[in-house]
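Protein sequence lines, in the order shown, are assigned to chains V and E. The numbering of the first sequence is full-length UniProt numbering, which starts it at 1 and goes up by one. The numbering of the second sequence is full-length UniProt numbering, which starts it at 1 and goes up by one. Ideal Cβ placement from N, Cα and C applies to all residues, glycine included. Computed from a predicted model, the values in this text were never measured in an experiment. Encoded as structure tokens, the structure appears first; notes follow it.
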Amino acid sequence: MSDQPTDAASSTTFDRVADIIADTADIPRETVTPESHAIDDLGIDSLAFLDIAFAVDKAFGIKLPLERWTQEVNEGKVPAEEYFVLKNLCARIDALVAEKAAKA
Amino acid sequence: MRLEYFEMIDSVSQLDRAAGRIETVALVPMESPVFEGHFPSYPLVPGVLLTETMAQASGYLLLAHLDFRLMPFLIAVEKARFRAFVGPGTRLDVEASLEHDGSGYAVTKAAIRREGKLVADAELRFRTMPFPPELEPPMRARAAQIGLTGLMQPVPTESAPA
């Protein structure tokens, strides 16, 4: 398996994540796009994002490192878009899944 | 239980940190101002306080799991069910198990039983955050008082002897 997520993998991941967001945050599925910013565009608050994180963790068998991401954003080390724009979030999910598979 | 002080858990009977599981006991008092209104002449423990009881059992489990590094705060209650009336003087066995250990949050499943029969259950979600400085000492004191601290044996590692 490649270290870099493929477009196909990301696309599949995006569909699954978009479904989770639509179901969990009660957002029309068609408004969720790869370019959507979860907070700025979709209006997902921190509590709802935890609901989504739980659903993503369960669906993909991973642990989104939310504490580290939050710290990096708060300290200005990483722009929030890197984690909260969905195409970027999906790429990180793919990377976490690949990392877990490599350890197995 | 001291209902009006939100001290729901009286003692911890078992703690398995490796398995992520806790068993606690809560004794419903014979009298409480809560029963004056819920309900007049027909005292019942409100469902919201049974939920709080499950949340506190879960909270002590998480405090042990996190080794008091973070404080859990209840953020969501899912699938709460109240299956029987609970009146004054009842002994409740309250158990909680760690369902998911997330980053910055945790999920538990909790249940309350009376004489082995299920009274209430729920899935609870917590945000886990650094302790507000003024909160950590009283939480540690209460955990010691109910016997949690004494049961917090180190979790065995793979290299440690069984």
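Sequence-ordered contacts of the region 64 to 87 of chain V with chain E read Leu64, Pro65, Leu66, Glu67, Arg68, Trp69, Thr70 [C-beta pairs closer than 9 Å]. In terms of Cα proximity to V:Asp51, the closest of V:Val78, V:Ala98, V:Asp23 is V:Asp23.
In this structure E:Leu70 touches E:Thr128 by the C-beta definition: roughly 4 Å separates them, less than 8 Å. At a cut-off of 3 residues, the continuous stretches assigned as beta strand (DSSP E) that sit fully inside the region 85 to 126 of chain E are 91 to 101, 105 to 114. Contact between the region 105 to 113 of chain E and the region 40 to 47 of chain E is absent: fewer than three C-beta pairs spanning the two stretches fall below 8 Å.
One Cα belongs to E:Ser13, the other to V:Ala102, and the distance between them is close to 40 Å. Taking 8 Å as the cut-off, the beta carbon of E:Arg125 is found closer than this to the beta carbon of E:Ala76. Look at E:Thr51 here: in three-state DSSP terms it is helix. Minimum Cα-Cα distance from V:Ile93 among the listed residues V:Gly76, V:Thr31, V:Lys63, V:Ala25 corresponds to V:Lys63. Under the DSSP definition of a beta bridge, E:Leu74 partners with E:Phe126. The beta carbon of E:Val94 is closer than 6 Å to those of Thr24, Ala26, Thr53, Ala57, Ile112 in its chain, skipping five residues each way along the sequence.
Using a Cβ-Cβ cut-off of 8 Å, V:Leu96 does not count as an interface residue toward chain E, since no Cβ of chain E sits closer than that to its own.
Per DSSP, the continuous alpha helix (DSSP H) segment holding V:Thr70 begins and ends at 66 to 74.
Boundaries of the beta strand (DSSP E) harbouring E:Ser11: 11 to 16, taken from the DSSP string. Chain V places a beta carbon closer than 8 Å to that of E:Ser103, counting this residue as a contact.
Between the region 1 to 9 of chain E and the region 26 to 35 of chain E, the count of C-beta pairs closer than 8 Å reaches three or more; the two stretches touch.
For E:Val107, the closest Cβ of chain V is nearer than 8 Å.
Along the region 69 to 89 of chain E, the positions whose C-beta sits under 8 Å from a C-beta of chain V are Ile75, Ala76, read in chain order. Between E:His100 and chain V, the shortest Cβ-Cβ separation is below 8 Å. Less than 8 Å divides the Cβ of V:Val56 from the Cβ of V:Val17. In terms of CA proximity to V:Gly61, E:Glu99 leads the group E:Leu15, E:Leu151, E:Glu99, E:Ala143. Close to E:Arg142, with beta-carbon spacing below 9 Å, lies no residue of chain V; the smallest spacing is near 26 Å.
Cβ-Cβ distances below 8 Å link E:Tyr105 to Ile75, Arg125, Phe126, Arg127, Thr128 in the same chain, with the five nearest sequence neighbours on each side left out; the list follows chain order. From the beta-carbon of V:Asp57, the residues of chain E found nearer than 7 Å are His100, Gly102. In the structure shown, the three-state DSSP call for V:Thr12 is helix.
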